[in-house]
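Student: Here's a structure for you.
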Amino acid sequence: MNVKRYINITKPGIIMGNLISVAGGFLLASRGEVDSLLMIMTVLGLSLVVASGCVINNCIDTDIDAKMQRTCQRETVTGAVSIARALQFGLALAVLGFGLLVHYTNGIAVGFAALGYLVYVGVYSLYMKRKSVYGTLVGSLSGAVPPVVGYCAASGQFDAGAGILLLMFSLWQMPHSYAIAIFRFDDYARANIPVLPVAKGIAKTKLHIVLYIAVFAMVSVLLPLSGYTGLTFMTVACVTSLWWLFMALRGYRKNTEMVVWARQVFGFSILTITALSIGMAFDFQALPPSLLVMLS
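With our numbering applied, the sequence shown covers 3 to 298.
Written out as structure tokens, the structure reads:
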């Protein structure tokens with residue numbers, strides 16, 4: 003068995019991004035009192051669940067991937083890994099991942115992990131991606147689950163902090179995904195996938211990118227304003243999100259090369275969410291002021 007081929011179909015880049023966000027959510031909720039074993043098992047368990055979702059997604063998207071330049075050499079397309087073997091591998095990863103989450107975390111964390119998995123594999127991959135321009139919106143929910151799972155695993159509850167994370171990461175997914183859809187426009191059009199640029203045009207997509215980033219900027223500061231994080235996170239959130247918004251607005255300049263612009267917006271989106279995940283991991287507050295009032 004060629005191990006590298008199996009690693010490739012788990013989409014390691016996506017796993018790494020989710021690993022950072024789940025760790026950020028866990029450390030935010032831990033507020034300095036970190037259960038190391040619980041954190042390791044939460045990160046490992048969710049990483050396996052994400053890997054499983056990516057593998058199953060590859061199996062579902064084989065026909066689509068074959069039409070796209072970016073994905074036509076994937077192992078599930080070329081036959082380097084058969085669909086049957088990939089499905090077995092994906093299911094095994096799911097069993098291991100959910101097994102760890104069930105054993106070490108709590109019902110809320112497991113519930114959100116299951117929700118994200120079902121939305122991504124069942125609703126998004128099987129139907130919405132192929133049939134609706136709103137596929138990106140539905141997919142954004144599954145992409146926002148990892149930090150919430152980390153948060154709930156550490157806190158044992160879904161509170162305002164978890165709600166802010168869910169909304170913040172969902173909003174971030176939209177301009178991030180729309181930027182990809184612009185610089186991969188030809189691929190999506192060739193595969194007949196109704197992403198916003200293909201279905202409604204580049205101009206409308208640019209407007210949506212700007213609006214989503216603007217709302218994301220406002221939501222990201224709710225963590226410090228609610229007392230979950232401090233001034234450092236507030237500074238990072240303001241600087242990164244406002245610069246991201248500035249970059250998005252540059253798309254309205256004359257003679258702007260759309261592909262180059264979209265790649266820049268995409269690239270900075272990764273920097274933004276990474277900075278915020280790291281920021282909330284280290285600039286947590288011991289106890290939100292709102293809770294201090296309740297306890298006094």
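Even glycine gets a Cβ: it sits at the ideal position worked out from N, Cα and C.
When burial is assigned at 16 or more other CB atoms within 10 Å of the CB, is S38 buried or exposed?
Tutor: exposed
Student: Rounded to whole angstroms, what's the CA-CA distance from A86 to G26? Just pull it up for me.
Tutor: Each residue's alpha carbon lies about 35 Å from the other.
Student: Indicate whether A111 and V51 have their beta-carbon atoms separated by less than 8 Å.
Tutor: no
Student: Rounded to whole angstroms, what is the Cα-Cα separation between D285 and C74?
Tutor: 42 Å
Student: Taking the alpha helix (DSSP H) that D189 belongs to, which residues open and close that run?
Tutor: F187 to R192
Student: Could you pull out every residue in the same chain whose Cβ sits closer than 6 Å to the Cβ of K13, ignoring the five residues on either side in sequence?
Tutor: C56
Student: Using DSSP bridges, identify the partner residues of F286.
Tutor: T231
Student: Would you say L169 and Y214 are within 8 Å of each other, going by their C-beta atoms?
Tutor: no
Student: Let me know if L297 comes out buried or exposed under the rule of 16 or more other beta-carbons within 10 Å of its beta-carbon.
Tutor: Confidence at L297 is low in this model, with a pLDDT of 41, below 50, so its placement is unreliable and the value that follows should be read with caution. L297 comes out exposed.
Student: Within 10 angstroms of its Cβ, does S49 collect 16 or more other Cβ (buried), or is it exposed?
Tutor: buried
Student: First and last residue of the alpha helix (DSSP H) that includes F160?
Tutor: First-last for F160: undefined, no H or E at that position.
Student: Taking the C-alpha atoms as reference points, what is the distance between R186 and G158?
Tutor: 40 Å
Student: Note down, in chain order, each residue of its chain lying with its Cβ closer than 8 Å to the Cβ of V79, except the 5 sequence neighbours on either side.
Tutor: Once the five neighbours on either side are set aside, the close Cβ partners of V79 are T64, D67, A68 and T73.
Student: Residues in its own chain within less than 6 Å of T242 by CB, not counting five upstream and five downstream?
Tutor: The beta carbon of T242 is closer than 6 Å to those of T274 and A277 in its chain, skipping five residues each way along the sequence.
Student: From the DSSP output, in three-state form, read off C61 for me.
Tutor: helix
Student: What residue range is occupied by the uninterrupted alpha helix (DSSP H) comprising V36?
Tutor: Premise fails: V36 is in no alpha helix (DSSP H) and is neither H nor E.
Student: In terms of residue numbering, what span does the alpha helix (DSSP H) encompassing I9 cover?
Tutor: V5 to N10
Student: I need the DSSP call for C74, collapsed to helix, strand or coil.
Tutor: DSSP places C74 in the coil class of the three-state scheme, outside both helix and strand.
Student: Classify D189 as buried or exposed, calling it buried when 16 or more other Cβ atoms lie within 10 Å of its own Cβ.
Tutor: buried
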